[in-house]
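Peer 1: Taken in sequence, the protein lines are chains A and B.
With my numbering as the guide, the letters of the first sequence map in order to residues 5 to 252.
With my numbering as the guide, the letters of the second sequence map in order to residues 5 to 252.
Every residue gets a Cβ at the ideal spot worked out from N, C-alpha and C, and that includes glycine.
Got a structure for you, written out below as structure tokens; questions coming shortly.
Number of protein chains: 2
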Amino acid sequence: MSRRARNGRPRYLEIARILERDIVRGKYPVGGLLPTENELCKTFGVSRYTVREALRRLRDLDLVTRRQGSGTQVITRLPRSTYTQSFVSLADLLQYAKDTYLRLGPREKVTARGALARLLGASPGQQWLKYAGVRYSREPAVPICTTDVYIRPAFVGIEQRFGKQPGAIYVLIEEMYGEKIAEVVQHISAVSMPVAAARVLGVEPGSPALGIVRRYLSGSGQTIEASVSLHRADRFTYSMRIRRDGTH
Amino acid sequence: MSRRARNGRPRYLEIARILERDIVRGKYPVGGLLPTENELCKTFGVSRYTVREALRRLRDLDLVTRRQGSGTQVITRLPRSTYTQSFVSLADLLQYAKDTYLRLGPREKVTARGALARLLGASPGQQWLKYAGVRYSREPAVPICTTDVYIRPAFVGIEQRFGKQPGAIYVLIEEMYGEKIAEVVQHISAVSMPVAAARVLGVEPGSPALGIVRRYLSGSGQTIEASVSLHRADRFTYSMRIRRDGTH
DNA sequence: GAGTGGTCTAGACCACGAA
DNA sequence: TCGTGGTCTAGACCACTCG
Chain A
5 MSRRARNGRP
15 RYLEIARILE
25 RDIVRGKYPV
35 GGLLPTENEL
45 CKTFGVSRYT
55 VREALRRLRD
65 LDLVTRRQGS
75 GTQVITRLPR
85 STYTQSFVSL
95 ADLLQYAKDT
105 YLRLGPREKV
115 TARGALARLL
125 GASPGQQWLK
135 YAGVRYSREP
145 AVPICTTDVY
155 IRPAFVGIEQ
165 RFGKQPGAIY
175 VLIEEMYGEK
185 IAEVVQHISA
195 VSMPVAAARV
205 LGVEPGSPAL
215 GIVRRYLSGS
225 GQTIEASVSL
235 HRADRFTYSM
245 RIRRDGTH
Chain B
5 MSRRARNGRP
15 RYLEIARILE
25 RDIVRGKYPV
35 GGLLPTENEL
45 CKTFGVSRYT
55 VREALRRLRD
65 LDLVTRRQGS
75 GTQVITRLPR
85 STYTQSFVSL
95 ADLLQYAKDT
105 YLRLGPREKV
115 TARGALARLL
125 GASPGQQWLK
135 YAGVRYSREP
145 AVPICTTDVY
155 IRPAFVGIEQ
165 RFGKQPGAIY
175 VLIEEMYGEK
185 IAEVVQHISA
195 VSMPVAAARV
205 LGVEPGSPAL
215 GIVRRYLSGS
225 GQTIEASVSL
235 HRADRFTYSM
245 RIRRDGTH
């Protein structure tokens, strides 16, 4: 066999998805063990490297834990783990944006005042552009959250590239305008799902929602972009690892 | 050559640390490229796999970005994350623990099984100690969240110091037993406030709550301590900063 | 002692980016 | 076109866990 004619997707991602699906469907119960690496090699007809890359992904998604000597244990079955977001760095934010899809509505002009001005870190009266959107997971393509994106009018040009390439909005601004993001500040809270967002996401109004507000700041502390997201509580968990240092 | 007599540390971690140090020292300036994988293989006398594992680590630390065709670019000179971010974040955790007050209830013995075993990353049947508590802000002294703390029976001695000094539980374990926390994994989600917690916190059952589950891990990946907290949504927001150092 | 995942080698072809 | 990183194979030894 050997040389695989790849259909565009890396084999290890395919395998990761199959295993992910099987976990969600209950083929591998929570608390139980996945087949060993060796068995998976035979099952999928691939080398150990490929299997290990797939398992690495499952571990990064927090679906399994792995320990030498004892095996690969399933720790979560809930499909929301699929959308669990694990951030230690901006690179993770970017990866998350690539694994999902953000569909944005038409441009609106808004004036920063009151709570919005505070959110944007802008002077009251300043003009901003707003795009109401919904973020979907790629497969299955289900809505995860509503997202309102705010950018300064100067960056209106990135509109042309909305949806044309996956990735985070801030990358578009960096690429088109050379305005570098130095810092992201985010606030996470629990809120009651408002009626409008509930309808879009297909949940009951008033059900619990995870709200995330992000500000993307330039080196001088100016807000370049901001976003307000409301996540279905049952499909989203924010996970993070805090490492003390790099020595182990 | 071949078989390396390893001094205990994986070779790829050694290489990662050497490259990290060189970046910090300015040998590879921000914006510049690291040597190619091939060159690094020759330099260190290792296979490409080992070099790639080392580079993967640098990427996870946000020190470099990698793109096929163009190379490995240095994006940060400061080892942010290893020290800056995680240190800052752990410090934040500690600061939070100092600004508030955790009142713990009596010791209970619990057996890890099912969901609890998964939470603790423990084998089913293992014995743990549980303390149900409530965290208050110092002034005004109002309840912020309920917190269940889980520790291994070996660390029962820290009970004596509950409430005698402010700070996080994990610090007590580190000080009394010398068991160092290497990593904290946390999951943040929105949930409906359960009846019992609602009574303690003085809110309506079913109102939105921010749930935070934390596992404190030793260097070998063992869970030292775990906690489950439910926060009043109106009194708690989780805020964080993701910095990208060295952007020029 | 048997079997697990962790590390490592020495090859190979492929997709992409820049000259 | 050429060199980069991305994917992949088929081996190997090692450290750890558990019966």
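Quick one: what does DSSP say Asp66(A) is sitting in, helix, strand or coil?
Peer 2: If DSSP states are grouped into helix, strand and coil, Asp66(A) belongs with coil.
Peer 1: Look at the Cβ atom of Leu205(A), then the Cβ atom of Pro147(A), and state whether they are nearer than 8 Å.
Peer 2: Yes, Cβ-Cβ distance for Leu205(A) and Pro147(A) is below 8 Å.
Peer 1: Give the DSSP-derived three-state secondary structure of Arg84(A) in the structure shown.
Peer 2: Low per-residue confidence applies at Arg84(A): pLDDT is 39, beneath 50, and the placement is therefore not dependable, though the value from the model is reported in the following sentence. Helix.
Peer 1: In chain A, which residues lie less than 9 Å from Tyr242(B) when you measure between Cβ atoms?
Peer 2: Going along chain A in sequence order, the residues near Tyr242(B) (Cβ under 9 Å) are Gln190, His191, Ile192, Ser193, Tyr242.
Peer 1: Assuming Val195(A) and Arg218(A) are in contact, meaning their beta carbons sit under 8 Å apart, how far apart are those beta carbons, in whole angstroms?
Peer 2: The Cβ separation is near 15 Å, so there is no contact.
Peer 1: Report yes or no: do three or more beta-carbon pairs, one from the region 224-244 of chain B and one from the region 225-238 of chain A, lie closer than 8 Å?
Peer 2: At 8 Å Cβ cutoff, the stretches do not touch.
Peer 1: At a Cβ cut of 7 Å, what residues of the region 191-222 of chain A count as close to chain B, listed as they run along the chain?
Peer 2: Cβ contacts with chain B come from His191, Ile192, Ser193, Ala194, Val195, Ser196, Pro212, Ala213, Leu214.
Peer 1: Can the beta-carbon of Thr54(A) be found less than 8 Å from the beta-carbon of Arg25(A)?
Peer 2: No. Outside cutoff.
Peer 1: Can you tell me where the alpha helix (DSSP H) with Asp26(A) in it begins and where it stops?
Peer 2: First-last of the alpha helix (DSSP H) with Asp26(A): 15-29.
Peer 1: Please list the terminal residues of the continuous beta strand (DSSP E) segment that includes Leu282(B).
Peer 2: As shown, chain B starts at 5 and ends at 252. That puts residue 282(B) outside it, with no answer to give.
Peer 1: So with Cβ pairs under 8 Å, would you call Pro83(A) a contact of chain B?
Peer 2: Interpretation of Pro83(A) is limited by its pLDDT of 42, a score under 50 that renders its predicted location unreliable; no figure is taken from the coordinates.
Peer 1: Do Ala20(B) and the ligand HEM come close, with the Cβ less than 7 Å from some heavy atom?
Peer 2: No copy of the ligand HEM appears in this structure; indeed no ligand is present at all.
Peer 1: Would you say Arg71(B) lies against chain A (beta-carbon separation less than 8 Å)?
Peer 2: With 8 Å as the cut-off, Arg71(B) does not count as an interface residue toward chain A.
Peer 1: At least one CB of chain A closer than 8 Å to the CB of Arg286(B): is that the case?
Peer 2: With chain B covering only 5 through 252, there is no way to say anything about residue 286(B).
Peer 1: Comparing C-alpha positions only, which one of Arg236(A), Ser211(A), Leu176(A), Thr76(A) sits nearest to Tyr32(A)?
Peer 2: Measuring from the Cα of Tyr32(A), the nearest candidate turns out to be Thr76(A).
Peer 1: Considering Glu41(A), what are the terminal residues of the beta strand (DSSP E) in which it resides?
Peer 2: From DSSP, Glu41(A) is part of no beta strand (DSSP E) but of the alpha helix (DSSP H) over 41-48.
Peer 1: Cα separation between Ala213(B) and Val28(B)?
Peer 2: Near 42 Å, if we compare the C-alpha coordinates of Val28(B) and Ala213(B).
Peer 1: Which partner residues does Met244(A) have in the DSSP bridge list?
Peer 2: Beta-bridge pairing links Met244(A) to Gln190(B).
Peer 1: Residues bridged to Ser141(B) by DSSP?
Peer 2: BP columns for Ser141(B) point to Thr104(B).
Peer 1: Determine the DSSP secondary structure at Ala119(A), reduced to helix, strand or coil.
Peer 2: Helix.
Peer 1: Given that Ala237(B) touches chain A, what residues does it touch there, using C-beta distances under 7 Å?
Peer 2: Near Ala237(B) (Cβ distances below 7 Å), the residues of chain A are Ser193, Ala194, Val195.
Peer 1: Quick check on Gly35(B): buried or exposed, where buried means 16 or more other Cβ atoms within 10 Å of its Cβ?
Peer 2: Gly35(B) comes out exposed.
Peer 1: Who are the neighbours of Gly35(A) on chain B, taking C-beta pairs under 8 Å?
Peer 2: What Gly35(A) touches in chain B: Gly118, Ala121, Arg122, Pro128.
Peer 1: In terms of alpha-carbon separation, which member of Ser222(A), Cys149(A), Asp238(A), Gly215(A) lies closest to Asp238(B)?
Peer 2: Per the Cα distances, Gly215(A).
Peer 1: Answer with buried or exposed for Leu17(A), where buried requires no fewer than 16 other C-beta atoms within 10 angstroms of its C-beta.
Peer 2: When all chains shown are included, Leu17(A) counts as exposed.
Peer 1: Hey, is Ile177(A)'s beta-carbon within less than 8 Å of any beta-carbon in chain B?
Peer 2: Taking Cβ atoms only, chain B never reaches closer than 8 Å to Ile177(A), which makes this a no.
Peer 1: Can you tell me whether Gln130(A) is helix, strand or coil according to DSSP?
Peer 2: In the structure shown, Gln130(A) sits in coil (DSSP, three-state: anything other than H, G, I, E or B).
Peer 1: To the nearest whole angstrom, what separates the beta carbons of Leu133(A) and Val160(A), a pair I think is in contact under 8 Å?
Peer 2: Rounded, the Cβ-Cβ distance is 6 Å, consistent with contact.
Peer 1: Go through its chain and collect everything with a Cβ distance to Phe240(B)'s Cβ below 8 Å, but skip five positions before and after it.
Peer 2: Ile148, Cys149, Leu214.
Peer 1: Please compile the residues from chain B whose C-beta is within a distance smaller than 7 Å of the C-beta of Ile79(A).
Peer 2: Chain B residues near Ile79(A): Arg122.
Peer 1: Let's see if you can read the secondary structure: which residues bound the beta strand (DSSP E) around Val216(A)?
Peer 2: With the sequence shown as reference, residue 216(A) is identified as Ile, and Val is not the correct amino acid for it. 212-221 is the extent of the beta strand (DSSP E) around Ile216(A).
Peer 1: For Arg156(A), which option in Gly73(A), Ala126(A), Val138(A) has the closest C-alpha, if you only look at C-alpha atoms?
Peer 2: For the residues Gly73(A), Ala126(A), Val138(A), the minimum Cα distance to Arg156(A) belongs to Ala126(A).
Peer 1: So, Lys113(A) versus Gln131(A), is the Cβ gap smaller than 8 Å?
Peer 2: Yes; because the gap between Cβ atoms is below 8 Å, this pair is in contact.
Peer 1: Buried or exposed for Gly137(B), going by 16 or more other Cβ atoms inside 10 Å?
Peer 2: Answer is buried; the Cβ neighbour count reaches 16.
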